[in-house]
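Asker:
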Amino acid sequence: MTVRNSNRKLGKFLFMIMVSASLAVTLVSCSRSADGDINAYCNLLSDNLDMGIPDTNLAIEELDLLIAFSPSEVRETVTKIRNTSADIAEITDLDQLFAATFDPEALTAQSFFQKFNANNCDISTAVVENLLVTAQKSSQTELNNFIQNNYPEKVWGDDASISLIFNGIEVSGVEGYLPNGSERAIAESLCQALSLWLYAVQEQNGVIRVTSGDDLVIDRESKDGRCRLDKIVPED
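In the working numbering, the protein residues as written are 9 to 244.
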């Protein structure tokens, strides 16, 4: 009887040790999960340096993954950036897009995000900004080369200028600028050239705008639209 009781006590003791050890492992695991995985977080950022730029079309799946890895200190900020990116992806109106892109809360989140990454992941804000500028310059160069190679004797003349509209790294439109009083046919010709590059060459939807002096004369909202002349009514 004494031996059996001792065995039972020993068994209960060992069982309690196993339960306690298992509980400790579970708590440690949950604690790590609750506070994210800083190494996985930083690795994901280093592979996607454009993440967190508030006016960039980001893959929501990648941002969701980043939230899962985020330490608690930055998780709310990453969630804000994710939601802003999701909202921007659904916006087609340029005025609304501008408002969402430069929303003060989004810009505050972006600033904290970049500071956190610089301090914890050794990811420089300048590196991210340089990536953005480099991508934009590359797209502008592609457009300039397309115009020069395909329209060497362009009817709209050397006084015209062309610039891209960006939603972060991604092109969201093209603007052409003509001197005041330019003929309708010239504006339409420029619109057609810009449309060909954006919709056919780049296979990208977006807006085409042509201004003559201070007046917007053509506003093509998408590839389904036309290079039509707009009548500008001055505001009171």
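All residues carry an ideal CB built from backbone N, CA and C; glycine is no exception.
Tell me whether the segment 218-230 and the segment 186-202 touch, counting them as touching only if at least three CB pairs, one residue from each stretch, are closer than 8 Å.
Answerer: yes
Asker: Leaving out five residues before and five after A248 in sequence, what residues of the same chain have Cβ atoms less than 7 Å from its Cβ?
Answerer: Residue 248 lies beyond the range of the chain shown here (9 to 244); nothing can be said about it.
Asker: Between which residues of its own chain and S190 is the CB-CB distance below 6 Å, once the five residues before and five after are set aside?
Answerer: If you number the sequence shown from 1, residue 190 lands on position 182. Answer for S190: S220, listed in chain order.
Asker: Residue range of the beta strand (DSSP E) that Y185 falls in?
Answerer: As a working mapping, residue 185 is identified with position 177 in the sequence shown. Segment E178 to L186, the beta strand (DSSP E) holding Y185.
Asker: Look up N56 in the DSSP assignment and say whether it is helix, strand or coil.
Answerer: For this step, residue 56 is matched to residue 48 along the sequence shown. DSSP places N56 in coil when its eight states are reduced to three.
Asker: Enumerate, from N- to C-terminal direction, the unbroken alpha helix (DSSP H) stretches of 4 or more residues contained entirely within the segment 150-223.
Answerer: 192-203
Asker: Taking the alpha-carbon positions, what's the P112 to K88 distance?
Answerer: Here residue 112 refers to the residue found at position 104 when the sequence shown is read from its first residue. Here residue 88 refers to the residue found at position 80 when the sequence shown is read from its first residue. Approximately 12 Å between the Cα atoms of the pair.
Asker: Just the C-alpha distance for S119 and T85, rounded to the nearest angstrom, thanks.
Answerer: As a first step, residue 119 is located in the sequence shown; it is residue number 111 there, counting from the start. As a first step, residue 85 is located in the sequence shown; it is residue number 77 there, counting from the start. C-alpha of S119 to C-alpha of T85: approximately 10 Å in a straight line.
Asker: Alpha carbon to alpha carbon, how far is I46 from S132?
Answerer: What you label residue 46 is simply residue 38 of the sequence shown in a count that begins at 1. What you label residue 132 is simply residue 124 of the sequence shown in a count that begins at 1. Straight-line Cα distance between these residues: approximately 16 Å.
Asker: Helix, strand or coil, according to DSSP, for R236 in the structure here?
Answerer: For the purposes of this step, residue 236 is taken as residue 228 along the sequence shown, with counting starting at 1. Residue state for R236 is assigned as coil, using DSSP reduced to three classes.
Asker: Between A114 and P79, what straight-line distance do the alpha-carbon atoms span, to the nearest angstrom?
Answerer: Residue numbering aside, residue 114 sits at position 106 when the sequence shown is read from its first letter. Residue numbering aside, residue 79 sits at position 71 when the sequence shown is read from its first letter. Rounded to whole angstroms, A114 to P79 spans 19 Å at the Cα level.
Asker: Can you tell me which of the three DSSP states D43 falls into?
Answerer: As a first step, residue 43 must be located in the sequence shown, where it is residue number 35. Residue state for D43 is assigned as coil, using DSSP reduced to three classes.
Asker: By the 10 Å Cβ neighbour count, where 16 or more other Cβ atoms means buried, how is G165 classified, buried or exposed?
Answerer: In the sequence shown, counting from the first residue as 1, residue 165 sits at position 157. G165 is exposed by the Cβ-count criterion.
Asker: Just checking my contact of I216 with L202 at CB under 8 Å: how many whole Å lie between their CB atoms?
Answerer: Locating residue 216 in the sequence shown gives position 208, where the first residue counts as 1. Locating residue 202 in the sequence shown gives position 194, where the first residue counts as 1. With a Cβ gap of about 5 Å, I216 and L202 count as contacting.
Asker: Does V209 pass the burial test, meaning 16 or more other C-beta atoms within 10 Å, or should it be called exposed?
Answerer: Within the sequence shown, numbered from 1, the residue matching residue 209 stands at position 201. V209 comes out exposed.
Asker: Might you give, ordered along the chain, the residues of its own chain that have their beta carbon closer than 7 Å to the beta carbon of S171, omitting 5 neighbours on each side?
Answerer: Taking the first residue of the sequence shown as 1, we reach residue 171 at position 163. The residues are E183.
Asker: For I173 versus G181, is the C-beta spacing smaller than 9 Å?
Answerer: Taking the first residue of the sequence shown as position 1, residue 173 is located at position 165. Taking the first residue of the sequence shown as position 1, residue 181 is located at position 173. Cβ atoms of I173 and G181: closer than 9 Å.
Asker: Taking all protein chains shown into account, decide if I68 is buried (16 or more other Cβ within 10 angstroms of its Cβ) or exposed.
Answerer: Along the sequence shown, read from residue 1 onward, the residue named residue 68 stands at position 60. Counting Cβ neighbours within 10 Å, I68 comes out exposed, since fewer than 16 surround it.
Asker: Would you tell me roughly how many angstroms separate the C-alpha atoms of E156 and E150, rounded to the nearest one?
Answerer: Position 148 of the sequence shown holds residue 156. Position 142 of the sequence shown holds residue 150. The question names Glu, but residue 156 is Gln in the sequence shown. When rounded, the distance between both Cα atoms is 10 Å.
Asker: Any beta carbon of chain B sitting closer than 9 Å to that of C199?
Answerer: This model lacks chain B altogether, as it is built from one protein chain only.
Asker: DSSP has I68 in a bridge; who is on the other side?
Answerer: Stepping through the sequence shown from its first residue, residue 68 is reached at position 60. For I68, which the question treats as bridged, DSSP gives no partner whatsoever.
Asker: Suppose contacts are defined by Cβ-Cβ distances below 9 Å. Is L73 in contact with C129 by that definition?
Answerer: As a position in the sequence shown, residue 73 is number 65, starting the count at 1. As a position in the sequence shown, residue 129 is number 121, starting the count at 1. Between L73 and C129, the gap from beta carbon to beta carbon reaches 9 Å or more.
Asker: Starting from P79, trace the alpha helix (DSSP H) in both directions and tell me its first and last residue.
Answerer: Position 71 of the sequence shown holds residue 79. First-last for P79: undefined, no H or E at that position.
Asker: In terms of alpha-carbon separation, which member of N91, Q122, R192 and N51 lies closest to V82?
Answerer: Locating residue 82 in the sequence shown gives position 74, counting from the first residue. Nearest option by C-alpha distance: Q122.
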